[in-house]
Each structure stands twice: as structure tokens, then as C-alpha cells.
Amino acid sequence: MIVRDRPSALRLFLLLRGSVLPTILPSLTLNMFVATLVTISHGDLFRLKITLTPIPFSLIGLALAIFLGFRNNAAYDRYWEARKLWGELVHRSRSLARQCQTLIALPEDLPVRTDLQDVRTRIVHRAIAFAYALKHQLRDTSTADAEAELRPHLLQSELEQVSSKYNRPDFLLLRMGKDLQACVQAGRIDPCLAATVDDTLSAMAAAAAACERIKGTPIPFSYTLLLHRTAYLYCFLLPFGLVDSIGFMTPFVVGIVAYTFFGLDALGDEIEEPFGTEANDLPLDAICRTIEINMRESLGETNLPQPLTPVNYCLS
Amino acid sequence: MIVRDRPSALRLFLLLRGSVLPTILPSLTLNMFVATLVTISHGDLFRLKITLTPIPFSLIGLALAIFLGFRNNAAYDRYWEARKLWGELVHRSRSLARQCQTLIALPEDLPVRTDLQDVRTRIVHRAIAFAYALKHQLRDTSTADAEAELRPHLLQSELEQVSSKYNRPDFLLLRMGKDLQACVQAGRIDPCLAATVDDTLSAMAAAAAACERIKGTPIPFSYTLLLHRTAYLYCFLLPFGLVDSIGFMTPFVVGIVAYTFFGLDALGDEIEEPFGTEANDLPLDAICRTIEINMRESLGETNLPQPLTPVNYCLS
Amino acid sequence: MIVRDRPSALRLFLLLRGSVLPTILPSLTLNMFVATLVTISHGDLFRLKITLTPIPFSLIGLALAIFLGFRNNAAYDRYWEARKLWGELVHRSRSLARQCQTLIALPEDLPVRTDLQDVRTRIVHRAIAFAYALKHQLRDTSTADAEAELRPHLLQSELEQVSSKYNRPDFLLLRMGKDLQACVQAGRIDPCLAATVDDTLSAMAAAAAACERIKGTPIPFSYTLLLHRTAYLYCFLLPFGLVDSIGFMTPFVVGIVAYTFFGLDALGDEIEEPFGTEANDLPLDAICRTIEINMRESLGETNLPQPLTPVNYCLS
Amino acid sequence: MIVRDRPSALRLFLLLRGSVLPTILPSLTLNMFVATLVTISHGDLFRLKITLTPIPFSLIGLALAIFLGFRNNAAYDRYWEARKLWGELVHRSRSLARQCQTLIALPEDLPVRTDLQDVRTRIVHRAIAFAYALKHQLRDTSTADAEAELRPHLLQSELEQVSSKYNRPDFLLLRMGKDLQACVQAGRIDPCLAATVDDTLSAMAAAAAACERIKGTPIPFSYTLLLHRTAYLYCFLLPFGLVDSIGFMTPFVVGIVAYTFFGLDALGDEIEEPFGTEANDLPLDAICRTIEINMRESLGETNLPQPLTPVNYCLS
Amino acid sequence: MIVRDRPSALRLFLLLRGSVLPTILPSLTLNMFVATLVTISHGDLFRLKITLTPIPFSLIGLALAIFLGFRNNAAYDRYWEARKLWGELVHRSRSLARQCQTLIALPEDLPVRTDLQDVRTRIVHRAIAFAYALKHQLRDTSTADAEAELRPHLLQSELEQVSSKYNRPDFLLLRMGKDLQACVQAGRIDPCLAATVDDTLSAMAAAAAACERIKGTPIPFSYTLLLHRTAYLYCFLLPFGLVDSIGFMTPFVVGIVAYTFFGLDALGDEIEEPFGTEANDLPLDAICRTIEINMRESLGETNLPQPLTPVNYCLS
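Protein chains in written order, with the numbering used here: chain U, 1 to 316; chain W, 1001 to 1316; chain C, 2001 to 2316; chain S, 3001 to 3316; chain X, 4001 to 4316.
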């Protein structure tokens, strides 16, 4: 995610970081090159004058506007829903930490412990591991990368089990549920209050399942296809429609139009899958770190990691 | 559902899989043929010059844009809501599995079993059967097909009962509720926690009812009718309006306009009913398989089926 | 509600059932008649040439598009929210049936009954009556019609009471609540589980109140007024603007424009109040029947009525 | 709120009740007067020909359309959300009445009373008072007016207390909560069921707080400012752009354009603050009356007031 | 937040307070200056006639409209969601106050106290502190400023602890949870009712996390970039397209167009981050004050602070 203040008017045109310009440069260059050829030949194609005027482009532009507006909204909705789900995860993790420490009674006959042997600490650290495991699942990282981030928060035996699972976040919830069950059976938490904690676990499962949904179900491919085709046809035919009225300015105008259409299209592509690691994707690393800090602070730990900060205006 | 990366600019125009082109080809061909005739006759119809200019098309285009944009949004909302409901089902199934295993105590005086004789295993497998039964209900498949997928997850007696029911998913929920009741009465689960499990069952019922709603209530037919009529009139009259200004390019431009309008319309038709088996419909088979894998993994089963993968870029 | 597959391109233009054409025919005919007069007089009104060009229509069209798009979305949102509320009712009724049969224990010292003397059967049949009573309230039918459909599902004494009430669905919920209270006091259901059943009753009350809201609060009348006025002015002035450029085609083009504008407007009128009995209204009869079938099947009854099917493509 | 059927095409143009015409008449008249002057002078301003064409108005119209559409949607969303909140209040009041009568047991050793001395009756009447108190708060009426409507539903001592409070609805909820507490402590309601009643109280508090939010936070003033300025500039410059092409029809066309733009704007102003007493505002009196009827009917009272009916097509 | 009635038509053009004019003045002046130069040179740039017509601006305007409309909606959605979250906080605080005083029993063997030594008073005042702490977190104020507002509502020991925390609002919730736990263990509140109070705490945590989300995740920077670039190119090229048709009116028309486009853009910037202290940002001070008044009134305190009122039409 790009994090920066709005640049001044001039710098605005010089920025590349966060711009979609690099992505669309090949198409854009080709389009302007074609427009230049058309301008030079005064709209003739192999000596045949292509009799286009701006009128057809107004008509096609109508449909194109519907496509672009629709896809843009759909892509941003996915992005923002994904961000909401991770915000939900932040909140549910914090609430789980609070509930573990206020609803589960201390064991009466056991010494109080603060490491993973204590059920309350164990659940809280598993919630941190849950966030990391979900991030790795959504980003399709290697098992080794995932284990490296999970290791500090799980018992060794649990870490081995979790690595072999198809759905790791879900397994961690199951383990938390089992600890909760043990507390209920030991009388350390009233069933009514345990039901509240279980609701929190279900809400975490819901957020994870919704993230999987966004990852697994793109905007229907036919929309993308129809939109790309129309946008390409529009931009590559445009020089023929403009050359008679605006002459040598044709390549320039075509360039601006193509920049906005291709740019909006490419931006939609990037935003549509918000869990990746591109510049405009969600900063899952930073959110996971926030969860870790919050959870460990609530346990009273003091050697907390620092929040992640943007590197070159980009928060990963 | 089509699952593929965005093709390169060139291949974009050659793809047919996932394109709506085959669906709209007859109308499109007819339209371009009419446009060609109009071009050859210079806009005369039986020697009568049809005095149309592009202006009426801008005016009608306005209403058409409202129609197309509205219907497109409505159709996609149905598609995406349907996907959300199945995501909800994934989450609720997982939560039910977790709850069965952590909130229902082991029977004290009975040997622990892991087959369908054990209430916890039975409920979890019934949840798998619930997803399959809902899929078959939404797709109007034959009873034999449905039974084939339900059989491994139900007791033989239950399978026979379920086949005779008008609403099979609902019957399975009732059966789960009865098992839950037995656990409450046997003291294996506290009523407060049983209320939580019952909430999960209600949420599954809610998702099923909402899927039925989408299946059973199309976008009002009058919209479709008004939209089709306007789009057809627009595209078949368009050549008369364009031929005087763009001459021999008329059929080509009409083709592009018609491709986008008919295409958007056909795509809406396909997306509007998301539970079918067309290329752009929801991959219910794959989602059901995911549920089965998740549920059985949570039971500790190890001979899990593989997730479904796209065949020829299409996930069923 | 019209239920039919999309007709072929040709039949599309011949259909009247479900079309808004009959509704708008008077205005449309008058408009085309005026356009014909204008064409014959070459735009003169009492020898005064009306100096209109297409330009003002583009400008006014802008505001009109905002109006039409807004009202159309608002009307469809009402329609779809109404449908969702009845889907909610379907789901809540089913869940209530499941809860009655799984959360309320059998009376220990009484013989099991399956008629309305049994509290569980009684609540389930009252839920059927609730749906019918709500339908009649929303459609403002006569008390006799309502009683005819409620009679099989209520005790005679209750039927008499319900008929005298201002808000019949609410009274039925109160009766269900009283039966629930009796079960709590008799120890047949744990209070925690009774709270869950009470939630279901509240959700049914919520759906009913929301239906009343849609019925009782139309889209602000000023919108309708402003929209109608603008649309009429636009369509009746349009011939003066077009006659100079498209000549004898004027009445035809005006007809198409007016068809879409008046049609969209009339469709909005119909959809906006979704609880009526017009062709595009919600099939409340069919939904109530579905509820009755589901509820009675869950009780194990076997002499179930058939689901309603469309008559002449129309489901009531 | 205006309640009337759609008038016939002719009467449509004669209606003033519910129309925004009176509100915008001054601006509209001035605008048409200016347009007439411009027409007479053929677009000269102090002998200087103002060289405007329709083109700039298409370009500015684009931004104006964005503004108008946005503000219109935002204003209607506020209106409709406000209506939903009062619908929520209707439902929660009814559910509270049901819960009071079915979840709170009769006192065993006390005679049953039906006046405000009985806790169940008292809570139900306080819920009526809650609706009235909220209405008066949202409409900023005098304390005397509020007291007149609250008096029949509260004990005298309570009425005095409530008048001195900053937030009267909230105080009534606190009082209901205290009665609930007394019932819990007297063992007349199980804590699990009391939690459900408390949820209902919280939902009423939520609806009240949301109404305050809508009342207290207008659409950002800068939007209104930017929109008004653009709309005024547009309409007052328009005659210069049109006079060359449409001549003496200029004032007429300007009048139609200004009617729609100013009208949409004025309508937004009215709808945006839905709790007032203008013609298009919400019928809070009628809704409060509905709540009173529902609540008292549920108590078995028979001398119920009549529902409010529209006066001169207007429901207050 | 600007709070004022709609000014009269004339004053509308003279207002600066709340207008975005000061923000965009530099760009606007430069743009009009360029337009004046272009007008004087009749569209020549260094003796080269720039052959632009209005047509390209219609085409680019299409994409620009999509951008502006999209960004505007997204920015306002953020603003309004933020306002809803603070409304949620108002409601949850009030409900927490009610629950503390009605669900937690008085200690039987202790004297009733009304200061922070009493758990019920303590929780209520911590809820006030929660709102203030969240405000300071969202506005990134100094620790000293935050402490000054928190001090009256917390015990001295707690104030010191809270200042050292990374997430202060969350710490306060944890403290409230611990007091709740003590009440459960002392038997002063039934676990079922404590679960309800815990839900309220979770809802406050949810609102806080959602506010952090809005603060931390801007609209993707690439949108802003693409929009700014297109808007600047459009406005600075516009004079070349207009000068041939409207002559000396060019700078004036360009000024109006640029005012609306730059103004809408600048307004989006301001609204997008609603937690700041600019004129159009949310009045967090006033909302916090409302919470404080409500909470203390519910405790029966009488020396309540006054609600904040707008200063120079601006509520901070």
C-alpha cells in the first residue's frame, strides 16, 4: 500500500512509484505509435481512407463507460471488503485477548504461568499465529516461510501438526476451541461466557472464509474480456476518428485517452486481487504486526516489536 | 467459473472460452448483415431514404445506458451475493465442526467412536451432506445424482428418508437439531452452548433460504423485455444513422456497438442465474469439495479427497 | 411475478404479457400523434415556427437521466428488499419449526399429540398463519379472505380473537410467546434455549415491520412529480427539436424515446409497491405455500399441498 | 409525507401540494427573466456580444451531473435510513411488549394489576413514551408539547424527572432497565431471558442514537456550496449559450432546465433532514401513533386511539 | 464540521468559510492565467496553432467523470462510515452505562459509593475516557493533551498505566473487562448478563478498530494519481479546445470547469480523512462531549458540562 501525502501539482507528473504507467507502457506506446502513423497518412490505411468521425466513439464510449465504471466499482469493493475483513480480524483478536484474560478464571490450585503452558497465554498467541497463517495462505507462500512466522507463537508439537494441514487457520481455531472446552470442563469459565468466546472464534473463522472467497472468486472473466476488447478497439480506432478534426494533435489526445482507459483497467486488475504483494495491495505484513503488538501488550509483555513503517512510501 | 490469468493483448481477441461471442453470434451476424445492406443502398429502404442522423441515437442511448447499467449491476449483485452465501456456508460448516468437537463432551460411559454412530461425527458428515443436497436442489439434478453424493455421509436409513423430502437440506438440519437435543438431554452439552450450536444451524438455514430466493426470483421480466427491445431497435436502426457520415465503415462500427450491447446483455443473462453449470456460473462442485475436505480434516480423517482444479480453465 | 425463459429475438417484440406497453399506451399514442402533427406542419405551431434544435434535449436529458436512474434504483431496491424480507420469513419459519421440535422437550407425563393441542404443533401452525396473515395485511384483503386461509392453522377460539385485532401477525407472535412461556415454566425448555426461540420470534416481527415500512412509505411524492413532469415535457417537445434534421422519421424516433422513458417510469411505479397483485409483483401466494409445505413437512405430515406453479407465465 | 396515487397526466402539471415549485419560484422567475432579457438583446451584454455556445454547457454539465447525482443519492439514503430506524423502533417496541408479557412471570404473591403499578404494563407504556420523547427531541419541540404527549404513559414522578433531563429517551431506557433488574432480583425472569430483553433495550438505544446522528450531521456543507454555485452559474449563463441556436424559445428551455436543476436541489434540501414537519418529511406523528396502538393492543387495552390519516394528502 | 443554514442565493457566492476555494486558488489562478494567454494568442503556442476542438474533451471527459464520481463516492462513504462508527460509540457507551447500573447488583455488605471506587461508576467513567483516548489516537495528538482529557475520568494509577500503552483505548477495555470479571466472581452479576456486557465492550472495540482502519488505509494512491493527472491535463488543455468557438469567454468558462473539477477533487481529499481538524472533518470534540454528558447524567451527576456549540459556524 502506498502511503504518502498528495504531491504538489508538478511532482504529480513525475512520479512513477504507485503509478500504473509502467504496467501499461507497452500498450500505450504501441497505441501512440499507431496514432502517429495514422496522422502521417491522414487516416488512410493502404491508400484506403478510413471514413471514421468522432460520432461512433461517442456511441461506443457509452458502453465503455458502463463497463469501466462497473468493473472499477466491483474491484474497489473487493479491495475495501478485504480491508474490512482484516480490520475485523484485528478487532476480534483484541476481543479474544480481553475475553481470555477476563472471562477465564485463574486456576485455583496451579501456579500462574505466563508462557504457552498457560491456557490464556496460549490462546492469545494462537490468535497471533492465526493471523500469520491466514496471511501466508492468502499469499500462497512456502511452508517454510509460514513456519518461520508461526514458530514463536506455537508449541513445537502444534507447529508440526499445523504444517501438515490443508487449512491451517481453521486448525488453530479448533485448537483454541479445545482449550476453551477444557476450561469449561474445569469450571474455569461459565458456559454462558464460553458461548461468547466461541462466538469470537466463529467470527474469526468467518473473516478467514470471506478472505478465501475474495481470493478464490475473481470478477467473472467474461467481463474482463469484454472490457479489454472494447477498450482496445476503441483506443486503436480512435486516431482514424480524430485525425480529420484535430490533425497533428491526434497522437497526443489518443495518448491521454488511452492512458486513462488502460490505466483504469490496469488499476482494476491490481486492486481486484488485494492480497498480493504489489504496490497497491493491502499491507498484510503491517496488519499482522499490529495484531501481534496488540495481543502481546494485552498479555503485559514489554519486549514488543515495532510497528512496520513504509519503505520508499510503500507499506508491505 | 473461468479461472485464468489475463491473456496478452493479442490473445485477448482470439479467445472464445469464457467469451459471450458464441451466444450472441446469430444476432450479431444478422445485425452486421443488415448494416451491410444499408451501406450498399446508402440508407434507402425500398427506394425511400430513411432520414436518420446520429442525434436520435445519442438521445435513445441515454435511456439505454440507464437500462444496461442498472441490469448489469443487479445481475452482478445476485452473482456476488450467491457467492457470499456459499462462503457463509463454508464458514458455518467449519464452525459447526469446531463446535461439535469442542462444545459437546465425550460420552462418559460409552466407548469413543469415530464413525457415523458417534453424534459428533454424524453431525459433521451431515453438514457435508447439507452442502451437497443444497447444490443439487439449486441445480435441479436428479434424485439419483444427489443420492450418489449424499450416500457416503449419511446412514442408510437417513438417506432413504431424505430422498423423499420436498426440502432435503432443511430435513438434514432438523436431524442435526435432534442429535443436538439428545446431547442436551444427556447432559453432554450445556444449554447455553447448545444455543450457540443452534445459531449455527439457523445460519445454515438462512444461507440455504437465501440461495433459494436468488434461484426463484429473477430480475423482473419487464426490465429484461424493455432492455432487449430497446437494444435491438437501437442496433438495427443504427446503420441508417451512421451511413451518411461514415460510409463503408458502417457495418464495422455497428458490429462493435452491437458486440458490446448484446454482449453485456448476454453476460447479464448468464450471471443473473449463478447456480447453473455454464462457464461463468459459480463453482459449486469445487466449493462443496472444499467443505468436505475441511470437515473431514477437522475430524482427523486423513484419506481426504483432492480439491477440484480447473479443467480447460473452467472450475465447475 | 413473470416466470419465463427469455423469448427469441422475434417473439420479443410480440409479447404483451409482462410488458408495460398496455399501461403506457395512451400517453405513447398521444405523443406519437403530436409528433405526426409536428412533422406535417414542419414544426410550426399556429404558423409560428418553434425554433428548437436537438441541443436543449441533450442538456435536459442530463437531468432526466439522473432522475430516471435514481428512481429506478430506488424502486428496485424496495422490490428486492421486500423479496429478501419474505426470504427471511421462509428461513425464520423453518428455524422456528426446527427449534420447536428439537429444543422443547416432550411432556413427560402427557401423551404425545400431533394436533393443535400439542404446543409444538401449535406454534408451527401459527407460524404458517403468521405468513398468511401478513400477506393479507400487506394486500389489504377482506377479513373473510384472511380468515379462510388462517382457519386450518388456528384453534377456533384463536381465530376469533385474531380477526378482531388491528395487527394480526403481531398478535400471533404474542400467542407463540405465551406458549413458549408455558414451556419455560413447565421446565420443558431451558431459559437459554428459550432465549434463542424468542430471538426467532423477534426476527419474524422485524421482517413484518419492515414489510409494513415498505408498504407505508412510498418514494417521496415530489420525486415522482418532478420526474413525470420532466419526462412529459421532454417527450412532447422532442418532435420540434428533431423534425428539422430527421423529417418524416420524427414520430418513429419520438415513439422509441417515449417508449423507453414512459416504460421505465411505469415499471418503476409497478415495482415500487411490490406487495400488490400485478404481473410484476412478488408471488406472495407461492411463498406462503412454500412456508406451509416446509412447516408441515417438518412436522412429519404427509398430505402436503402442491407448490404453486405459474399460470400463463405468471406466479401469483 | 405526501400520500396520494399518481395523478393523471394533465393534473400532474397543475399540482402544487408536494411540489417543490413554490420553494424555487423566486430563483426560477429571476432566471427566466434574465433569459428573456438575453433573448431580446440577442446575447449582448452592454453591447458586448457574449460568445458562448452550447459546448461549454455540455462540459460543465458533466461535473454538475456528478454533483447532483451524488447529493441526491446521499440525501435519499439519509431519508430512507431514517425511515428504517423508525421501522426498527416499531419492531423493537412490539418485541419488547411481547417479551414483557411472555418472559416476565406474574408475581406469585401479588394481585395482578394492569395499570402503571404493574411492571409489565409500566415498561410497555414507557416504550410508547420513548417513541414520543424521541420524536420531540428530533423535532426540537418545547418541553410543554413533549410533556403533553408523555403524560398518559408515565407516572407523575417519572414525568417530572424526565423533563429535566438532557437526553430524555435514554433516561426512559434506564428506567426500564431498572425495572428489569428488579424482576431479575425478584426471580420473575431468568437472567438468560433478561439478557434478551436487555438486547431489545440496547437496540432501541441504537435506533435513537442513529436518528440523532442523522439530525446532527448534515451532508458536508462544502458539497452544498459547490453544487449551488455550479448550478446557479450554469443556469444563469445558459441563455447566452442557447440564444443563437434556438432564439425566442430560450427562456422556455432555460426555464425547464432550471426547474429540474433547482427542483432536484431543493428536493435534496428537504429530504436531507427527514425529521422536520415539511410536506416531504417522515410522518413521525403517525408512526408514534402506530406504536401506541400496537403496544396498548398487546396489553389487551380496548379503547385504542385511531391511526392517523392523511390530511389534504399529507400525513404528519 | 460546518453547521449553518443554506445561505441566500447571493451570499452563496461570497462565502469563503467551508468553501474549498482557498485550497484550490493557486491551481485555479494558474489555469485561468494560461487560458488568458491562449485566448490572446488565439490558440497558438510559439506560433504553432494547437489544433484542438471540443471533441477530444467530450471523450476524455467520459473517463474523468468515471474517476471523479467513483472517488467522490468512496470519499464520502469513508466520511459517513466514520460518522456512523462514532454514533455507534455514542450508543454503546449509553448502553454500557445502562447495563452497569441495572445488571450489576449493588454490593450487599459495602456502603454505596458514587466515586471511582465504585465499580459501576468506574466503568462508566472509563467509557468516557475510552472516547477521549480514541479521539486523541485518531488525531495523533500529544500524550500531554490526551492525559489532560483523560485525567478526570481515571484513577491516578490507571492514568499512568494508560499513557505508556501502544493502544490506549484497548487497554481501557481490558480494565473494564477485569472489573466485570470481579463482579462475576463476587456474584454481583449473572454470567448470562455479563456476556451481554462483554458484547458491549466488544462492540466498542469493533468501532475503534474500524476507525483505525479508515485512518490507516487511504483510497489507493494510484487512483488519486490517475485522477489528478487526468484532471490537470484536461483543464490546462481545455483553452485550446474552446478558444476557436467561444473566443474571449474562454478563460471564464475554463475557470468554471476548473473550479468544479479541482473543487470536487479537493473536497474528496478533505472528506477522505474525516478524523482531522479541518472545517469539513467530523466534530469529534463535540461527540466526545455528548458522550461525557450522557454518561454522567446517567450516573445522576448534576454538574454537567455544556454541549459544544459551533464557533463561527464550525463545530470542532
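The C-beta atom is built at its ideal place from N, Cα and C for all residues, glycine as well.
Query - Near-chain W residues of the segment 2033 to 2065 of chain C (beta-carbon distance less than 8 Å), N- to C-terminal order - result: Pro-2054, Phe-2057, Ser-2058, Gly-2061, Leu-2064, Ala-2065
Query raised in the report: W/Asp-1077 to W/Gly-1187, Cα distance in whole Å?
Result: 45 Å
Query raised in the report: Does DSSP put C/Leu-2052 in a helix, in a strand, or in coil?
Result: coil
Report task. Would you please verify whether the beta carbon of S/Phe-3317 is less than 8 Å from any beta carbon of chain X? Result -> Since the displayed chain S opens at 3001 and closes at 3316, residue 3317 of chain S lies outside it and no answer follows.
Query raised in the report: Between S/Tyr-3232 and chain C, is there a C-beta pair that is closer than 8 Å?
Result: no
Report task. With DSSP as the reference, please indicate the residues paired to U/Leu-45 in a beta bridge. Result -> U/Leu-48
Query raised in the report: With a Cβ-Cβ cutoff of 8 Å, do S/Tyr-2965 and S/Leu-3064 count as a contact?
Result: Residue 2965 of chain S lies beyond the range of chain S shown here (3001 to 3316); nothing can be said about it.
Query raised in the report: Residues of chain U with a CB under 8 Å from the CB of W/His-1125: which are they?
Result: Result: empty, since nearest Cβ-Cβ is about 17 Å, beyond 8 Å.
Query - With 16 other Cβ atoms within 10 Å as the buried cut-off, status of W/Val-1311 - result: exposed
Query raised in the report: Is the Cβ-Cβ distance between S/Pro-3283 and S/Leu-3238 less than 8 Å?
Result: no
Query - Proximity below 8 Å, CB of U/Ile-50 to CB of U/Phe-240 - result: yes
Query raised in the report: Which bits of chain U does W/Gln-1101 rub up against, with CB to CB less than 9 Å?
Result: Leu-174, Gly-177, Lys-178, Gln-181
Query raised in the report: Based on the DSSP secondary-structure assignment, which residues constitute the bridge partners of C/Ile-2066?
Result: Paired residue(s): none; C/Ile-2066 is not in a bridge.
Query raised in the report: Contact check, S/Leu-3155 vs S/Ala-3127 under 8 Å by CB: the rounded distance?
Result: Actually they are not in contact, since the Cβ atoms of S/Leu-3155 and S/Ala-3127 sit about 15 Å apart, beyond 8 Å.
Report task. Check whether the segment 203 to 221 of chain U touches the segment 1082 to 1092 of chain W, counting contact only when three or more Cβ pairs, one atom from each stretch, lie closer than 8 Å. Result -> yes
Query raised in the report: Taking the C-alpha atoms as reference points, what is the distance between W/Asp-1281 and U/Ile-60?
Result: 28 Å
Query - Backbone CA spacing between U/Ser-93 and C/Pro-2152 [nearest angstrom] - result: 51 Å
Query raised in the report: Does the beta carbon of X/Leu-4299 sit closer than 8 Å to a beta carbon anywhere in chain S?
Result: no
Query raised in the report: For C/Val-1954, which beta-bridge partners are listed by DSSP?
Result: Since the first residue shown for chain C is 2001 and the last is 2316, residue 1954 of chain C is missing from the structure and cannot be characterised.
Requested in this report: Could you tell me which chain X residues have their CB closer than 8 Å to the CB of U/Val-90, listed as they occur along the chain?
Outcome: Ala-4209, Glu-4212, Arg-4213
Query raised in the report: Are the C-beta of W/Ser-1095 and some C-beta of chain C separated by less than 8 Å?
Result: no
Query raised in the report: Quick one: is U/Pro-191 near chain W, going by C-beta distance under 8 Å?
Result: yes
Query raised in the report: Where do the ends of the alpha helix (DSSP H) carrying C/Gly-2300 lie?
Result: Element bounds for C/Gly-2300: n/a, residue is neither H nor E.
**Report entry** Terminal residues of the alpha helix (DSSP H) in which S/His-3136 lies
**Finding:** 3119 to 3139
Report task. Can you say whether S/Asn-3294 is buried or exposed, counting buried as having 16 or more other CB atoms within 10 angstroms of its CB? Result -> buried
**Report entry** Coarse secondary structure for C/Ile-2189, derived from DSSP in three states
**Finding:** coil
Report task. Give a yes or no on whether the C-beta atoms belonging to S/Leu-3052 and S/Phe-3275 are separated by under 8 Å. Result -> no
Query raised in the report: Is S/Ile-3293 helix, strand or coil by DSSP?
Result: helix
Requested in this report: Just confirm the distance between the C-beta atoms of C/Arg-2229 and S/Leu-3012, as a whole number of angstroms; I'd bet it's less than 8 Å.
Outcome: 6 Å
**Report entry** Whole-angstrom distance between U/Phe-261 and U/Leu-15, CA atom to CA atom
**Finding:** 19 Å
Query raised in the report: Since U/Val-254 and U/Met-32 are thought to touch, with beta carbons under 8 Å apart, how far apart are those beta carbons, to the nearest angstrom?
Result: 6 Å
Query raised in the report: Do three or more CB pairs link the segment 2171 to 2187 of chain C to the segment 2196 to 2203 of chain C at distances below 8 Å?
Result: yes
Requested in this report: Examine chain U for any beta-carbon lying closer than 8 Å to the beta-carbon of X/Lys-4084, and answer yes or no.
Outcome: no
Query raised in the report: Under the three-state reduction of DSSP, which class applies to W/Ile-1246: helix, strand or coil?
Result: helix
Requested in this report: List the residues of chain C whose Cβ lies closer than 7 Å to the Cβ of W/Arg-1229, in chain order.
Outcome: Leu-2012, Phe-2013
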